[in-house]
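Oh and the sequence shown: position 50 is 79 in the working numbering, straight run, nothing missing. Structure first, commentary second.
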Amino acid sequence: MSEVKKSRMKPRLGQLMAEKGGMYVAEALKRADATLEVLREPSLSGIDDYITALDNLLIAEIDEAVRIEKLYARAGDIVSLSGAERSESVQIAARSLCELLDEAENLASVLAGVQVHIASIKLLHRAPDNPTLHEPILQGLASVLEKRRAATAPGAD
30 MSEVKKSRMK
40 PRLGQLMAEK
50 GGMYVAEALK
60 RADATLEVLR
70 EPSLSGIDDY
80 ITALDNLLIA
90 EIDEAVRIEK
100 LYARAGDIVS
110 LSGAERSESV
120 QIAARSLCEL
130 LDEAENLASV
140 LAGVQVHIAS
150 IKLLHRAPDN
160 PTLHEPILQG
170 LASVLEKRRA
180 ATAPGAD
């Protein structure tokens, strides 16, 4: 009578991962979430600082072109840290501010829109993720851009 010999092979993937120091995707994602949580508060505090800088730039007595560039740079800084927010709303608002500033021929022509964008970023920053509350704010910012573009379009008087 012949015996059936059973052998259990060790998966090569597990062995390869152990040798190379790799990990499964689920573990990598869990670690990434933990790292993001550690970095969340410093990033949110950085956004606080950039919002304060935006407010200070609105009242700064510096060359207008320099002021527009600095406002644009601080809005860009907010975009870069906005991954720490609970929703994408702050990033969308900061990008919209960048677009408004990018298209401005002078600060006086967009000052009211800049102020609305900054106020909106303040409202959205650290707010709970609630699309019902965020959507009207973001739609308002989009309409500011649309109106500005319509007013400066060729043939608009």
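Glycine is no exception: its CB is placed at the ideal position from the N, C-alpha and C atoms. Just so you know, these numbers come straight off a predicted model, no measurement behind them.
heavy atom of the ligand MN below 7 Å from residue i C-beta
| i | result |
| --- | --- |
| Y101 | The ligand MN is absent from the structure shown, which contains no ligand whatsoever. |
Other residues of its chain near residue i: CB distance less than 8 Å, five sequence neighbours each side excluded
| i | result |
| --- | --- |
| Q144 | L87 |
| A171 | S125 |
| V119 | I76, I107, S111, I150, L153, H154 |
| E117 | S111 |
| G169 | V145, S149 |
Cβ-Cβ distance between residue i and residue j below 8 Å
| i | j | result |
| --- | --- | --- |
| L136 | I91 | no |
| A113 | S72 | yes |
| I147 | L83 | yes |
| G142 | V95 | no |
| D62 | R115 | no |
Contacting residues, own chain, Cβ-Cβ under 7 Å from residue i (five flanking each side not counted)
| i | result |
| --- | --- |
| Y79 | R103, D106, I107 |
| A123 | A104, I107, V108, S111, I150 |
| E128 | L174 |
Residue i burial status per 10 Å Cβ neighbour count (16 or more: buried)
| i | result |
| --- | --- |
| V139 | buried |
| S109 | exposed |
| G50 | exposed |
| V33 | exposed |
| A55 | exposed |
| L58 | exposed |
### Message
For a minimum of 3 consecutive residues, which ranges assigned as the beta strand (DSSP E) are wholly contained in the region 112 to 139?
### Response
none
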